[in-house]
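Just so we're aligned, residue 8 is where the sequence shown starts under the numbering used here, counting upward by one.
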Amino acid sequence: MNSKLKKNSDWLDEYHQGVRYGLQGKLIIEESSPFQKITIFESKRYGKALLLDDCWMTAEKSEKFYHECLIHPALCCSTQIENILIIGGGDGGSARECLKYKEVKSIDLVEIDLKVIELSKKYLPTIGGNAWSDSRLNLQIKNGINWVKHKKENSYDVIIIDGADPIGPSKELFSNSFLTDCKRILKQGGILATQSESPESFQQIHINIVKVLREIFDYADPMYGSVSIYPSGLWSWTFASMEKPKYMFPKKNRVNEISENCQIWSERLQQGAFNSIPAFIERELAKT
Ligand code: SPD
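1. Alpha carbon to alpha carbon, how far is R261 from C83?
2. Helix, strand or coil, according to DSSP, for W244 in the structure here?
3. Just to check, is the beta-carbon of S101 closer than 7 Å to a non-hydrogen atom of the ligand SPD?
4. Identify every run of the beta strand (DSSP E) within the region 55–120, keeping only runs that are complete inside it and at least 3 residues long; order them along the chain.
5. Apart from the five residues on each side of it in sequence, which residues of its chain come closer than 7 Å, Cβ to Cβ, to L77?
6. Taking the alpha-carbon positions, what's the D120 to I174 distance?
7. Tell me which same chain residues have a C-beta within less than 8 Å of the C-beta of M8, skipping the five on either side of it?
8. Could you check whether the region 50–60 touches the region 223–231, counting it as contact only if at least three pairs of C-beta atoms, one from each stretch, sit closer than 8 Å?
9. Please report the residue range of the alpha helix (DSSP H) in which Q43 lies.
10. Return helix, strand or coil for S184, following the three-state DSSP convention.
11. If you drop the 5 nearest sequence neighbours on each side, which residues of the same chain put their C-beta closer than 6 Å to that of T46?
12. Straight-line CA distance for G54 to K294?
13. Just the C-alpha distance for I114 and P285, rounded to the nearest angstrom, thanks.
14. Relative to the C-alpha of Q87, which candidate in Y254, S266 and S273 has its C-alpha closest?
15. Given this structure, state the Cα-to-Cα distance separating Q270 from D98, to the nearest angstrom.
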């Protein structure tokens, strides 16, 4: 996978399996951190956008389609939501959505790459919004794998994994050992939420992550939606919980608290999105 800004062209494309996913606009900045290449691009259609290692991550005017779907099924349904862990999420969008709930008392946001946070705050300030100055947000510039490994059991009510594609620094976020550690540090009535790639353009990765989560947790199910700047545009988020599929049952008081303040997520959207599983994925997941 790589992206290219072609000479004499104002299009920036992510290349994935022989297909280009591009936006028209202008390059703002391109930097390298010890972990990855970071690009900020100002697009005509979706405003300023962030790319990591030449893959689209988020854009000002389309990020809600991603962040609201990752966060609200977990936070509306978990037994408690006082202590949240976000792994990755350096653009601040996931933290912003979590902080909509009064019950949330603290969020540990563990991002490996300080430069992602710095550039997001500078060029994409609307994505993190007020989260950056909220006293409930505790930023940790650390490796999320080690963070989870060394936390004691039952530390969090909800765990959110908001990483990039499973190449480079995010690869381990899809591994059995990392997700097993996540289960250990999650409280009994808690929910884990992870972005789980596209059932079309990352088919095997998508199937694998759901299967791995089903092995580790009692329940795991993918929910589907659209993120227009990602390969194929069709995206997924997978939720896992113990004892029952808690993520299927939003709590009325929380739905009422946040609904007016959401542009994409609603209780109805969530119900439909869990049900819009492609038939071949459902069959594949049913195989043991
Ligand atoms: N193909 C891109 C997948 C990126 C998922 N994470 C995006 C991070 C937004 N907070």
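In this text, a Cβ means the ideal position worked out from N, Cα and C, and glycines have one as well. As the structure is a prediction and not an experimental result, all values here were calculated from the model.
The relevant details are as follows:
1. Inter-residue distance for R261 and C83 is about 6 Å (C-alpha atoms, whole angstroms).
2. Three-state result, W244: strand.
3. Correct: S101 has its Cβ closer than 7 Å to the ligand SPD.
4. Secondary structure in the region 55–120: the beta strand (DSSP E) runs of 3 residues or longer, each lying completely within the stretch, are 62–66, 90–95 and 113–118 in chain order.
5. The residues are S101, I167, D169, A200, Q202 and W244.
6. Straight across, the Cα-Cα distance linking D120 with I174 is about 15 Å.
7. Because the pLDDT of M8 is 46, which lies under 50, any placement of that residue in the model is unreliable, and the number read from its coordinates should be weighed accordingly. Excluding its 5 nearest sequence neighbours in each direction, M8 has C-beta neighbours in its own chain below 8 Å: E21, Y22, H23, D60, D61, C62, D172 and I174, listed in chain order.
8. Judged by Cβ distances under 8 Å, the region 50–60 makes no contact with the region 223–231, as fewer than three pairs qualify.
9. Careful: Q43 lies outside any alpha helix (DSSP H) and carries neither H nor E.
10. In the structure shown, S184 adopts helical secondary structure according to DSSP, grouped into three states.
11. Within the same chain, and ignoring the five residues on either side of T46 in sequence, the residues whose Cβ sits closer than 6 Å to its Cβ are E37 and L58.
12. Each residue's alpha carbon lies about 42 Å from the other.
13. Between I114 and P285, the C-alpha separation is close to 34 Å.
14. Closest by alpha carbon: Y254.
15. In this structure, the straight-line span from the alpha carbon of Q270 to that of D98 is close to 19 Å.
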